[in-house]
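Report on one structure; see the data block that follows.
Protein chains: 2
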Amino acid sequence: MPAADFQQEDTRTLVLGAALRLFTEQGYFNTSVHDVGRTAGVSIGSIYHHFGDKEGLARTLYAALTARMQHLIEDVVRMEGSSHDQARELVVRLFAWAEAEPWEMAFLLYARHREFLPDEAPICSSRPFVMMREMISRGIARGEIRQMDVMVASASLFGGPIRMITTRLDGILPHPLPGYLDEVWDCAWRAVAAPRTT
Amino acid sequence: MPAADFQQEDTRTLVLGAALRLFTEQGYFNTSVHDVGRTAGVSIGSIYHHFGDKEGLARTLYAALTARMQHLIEDVVRMEGSSHDQARELVVRLFAWAEAEPWEMAFLLYARHREFLPDEAPICSSRPFVMMREMISRGIARGEIRQMDVMVASASLFGGPIRMITTRLDGILPHPLPGYLDEVWDCAWRAVAAPRTT
DNA sequence: GTAATTAGAACGAACGTTCGTTCTAATTTA
DNA sequence: TAAATTAGAACGAACGTTCGTTCTAATTAC
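For the record, the sequence lines run as chains A and B.
Following our numbering, the residues of the first sequence are numbered contiguously, the last one being 198.
Following our numbering, the residues of the second sequence are numbered contiguously, the last one being 1198.
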């Protein structure tokens, strides 16, 4: 791979990193393209060269992060094991991701993408959320989760963990997320678990 | 009350209603003051006369809605009865409010207020959320709720119901919220309830 | 008639975008 | 090997539009 390609990748990465941080920190509309360029140490022209326009930059960012989220869920679904173990592992990885890359998680959970990406579907009807509901459906079919509305079960199982993540991102949770994992998961699973038949 | 005040109140109400709808529907930064004026059937001058500037308009809206939310919670806390009954009644009223005034609920739950009201505290550390955590603490002290971290209990008890509300606001929940109440609350309470000692 | 209120044209700053230029490095030509 | 050519990447000043805000004349209310 020629050196030029490294340079190119590097500039794109620099710009995307700056955009992620600025968009998340101060919002898309409070961030000018000049801001992104200055923060990334890159000229405005380069940004337009690589991403077309400001919306293209946001779109690239959004696509990259939703893809990572989707891979995360696909990896979990591909695991062998009960629905319980899969769902728990999903929470484990979401907690780890939120600690490692809080800006990425905040961009996914907080940003009102419809406001600057008008033709995006609402995030709750995106693949990752659909796959979470499918995970629940399998759990019900296997008798691990009580018979109930899938929407209710999904909200009840993942609502607590996700709320813990947003609380942490808001900076009002004193300890890192993994420290709360057992207690959080205990509550979440109690909410939906079918009565033990063993 | 003189007629002039009616006129004034009426204009203010019209403007606030238009702003609520537009800010929530398309976002604060996608809504121009001209839009608000046209939608409300009121002149630009009037808006600046009443609210000072665009941020003042948003601030008035935000203050009015957080005040309503706070009163809602205070009413519930003032009720006699167990923590269980209080928390359930809170969910009942939140569901009813979300159905009756979806734009108000969406503005409170979705809008990233820090982006256009820079000096506001994060909403999760606002009075309403603090009061919800206090409700939990009392439940733990009374032995209704298991001994656990208050943040975890709060996220586990209210995370599911709140997620149901956002799902409904996003338009992917087929039925009105109250129809899900019993099932949702059953899950939520199982998550945190202390074992029965009777 | 006076004071308060409104309407909407006009202003100015901020911002997204464009464009002509320069730079770098690889490829071709002689 | 040296010079010439090409392609794409980066730059940043300049442009045109949008939008928050101001201002003044007209209108309303009593």
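No residue lacks a Cβ here, since even glycine has one placed at the ideal position from N, Cα and C.
The model shown is predicted, which means the values in this text are computed figures rather than measured ones.
Original post:
With which residues is A1193(B) paired in a DSSP beta bridge?
Top reply: Here residue 1193(B) refers to the residue found at position 193 of the second sequence. DSSP, once it has assigned bridges, lists I1145(B) as partnering A1193(B).
Original post:
Of all the options I1123(B), L1157(B), D1186(B) and W1185(B), which has the alpha carbon lying nearest to the alpha carbon of Y1062(B)?
Top reply: As a position in the second sequence, residue 1062(B) is number 62, starting the count at 1. Out of I1123(B), L1157(B), D1186(B) and W1185(B), I1123(B) has the C-alpha closest to the C-alpha of Y1062(B).
Original post:
DSSP three-state call for I1044(B): helix, strand or coil?
Top reply: By one-based count along the second sequence, residue 1044(B) stands at place 44. It is helical.
Original post:
What is the DSSP secondary structure of P1128(B), reduced to helix, strand or coil?
Top reply: As a position in the second sequence, residue 1128(B) is number 128, starting the count at 1. Residue state, collapsed to three classes: helix.
Subject >> Per-residue DSSP class, three states only, for D53(A) >> reply: The residue you call residue 53(A) lines up with position 53 of the first sequence. Coil.
Subject >> Delimiting residues of the alpha helix (DSSP H) encompassing E1080(B) >> reply: On the second sequence, residue 1080(B) is found 80 positions in, with the first residue counted as 1. First-last for E1080(B): undefined, no H or E at that position.
Original post:
In chain A, what lies closer than 7 Å to V1192(B) by C-beta?
Top reply: Locating residue 1192(B) in the second sequence gives position 192, counting from the first residue. By Cβ distance, chain A contributes C187.
**OP:** Would you please verify whether the beta carbon of P1178(B) is less than 8 Å from any beta carbon of chain A?
**Re:** Here residue 1178(B) corresponds to residue number 178 of the second sequence, with the count starting at 1. Closer than 8 Å: no.
Original post:
Using a beta-carbon distance below 8 Å, is F1006(B) in contact with chain A?
Top reply: Taking the first residue of the second sequence as position 1, residue 1006(B) is located at position 6. Residue confidence for F1006(B) is low, a pLDDT of 42 falling below 50, so the modelled location carries little weight; the figure read from the coordinates is stated next. No, its Cβ sits nowhere closer than 8 Å to a Cβ of chain A.
**OP:** Name the two residues that bound the continuous alpha helix (DSSP H) containing E123(A).
**Re:** Against the first sequence, residue 123(A) aligns to sequence position 123. According to the sequence displayed, residue 123(A) carries Ile and not Glu. Note, I123(A): premise wrong, no alpha helix (DSSP H); not H, not E.
Original post:
Which residues bound the alpha helix (DSSP H) around I1165(B)?
Top reply: In the second sequence, the residue the question calls residue 1165(B) occupies position 165. Where I1165(B) is concerned, the enclosing alpha helix (DSSP H) stretches over V1150 to L1169.
**OP:** Consider the Cβ of V1015(B): report whether some Cβ of chain A lies at a distance smaller than 8 Å.
**Re:** By one-based count along the second sequence, residue 1015(B) stands at place 15. So, not an interface residue.
Subject >> CB contact check: P1102(B) to chain A, cutoff 8 Å >> reply: In the second sequence, counting from the first residue as 1, residue 1102(B) sits at position 102. So no, P1102(B) is outside the interface.
Original post:
Which whole-angstrom value describes the C-beta separation of V152(A) and E1183(B), a residue pair presumed to lie in contact below a C-beta threshold of 8 Å?
Top reply: Position 152 of the first sequence holds residue 152(A). Position 183 of the second sequence holds residue 1183(B). The pair is a contact, with the Cβ atoms about 5 Å apart (cut-off 8 Å).
**OP:** Tell me, please, whether the CB atom of T167(A) is closer than 8 Å to any CB atom in chain B?
**Re:** Taking the first residue of the first sequence as 1, we reach residue 167(A) at position 167. True, the Cβ-Cβ gap to chain B drops below 8 Å.
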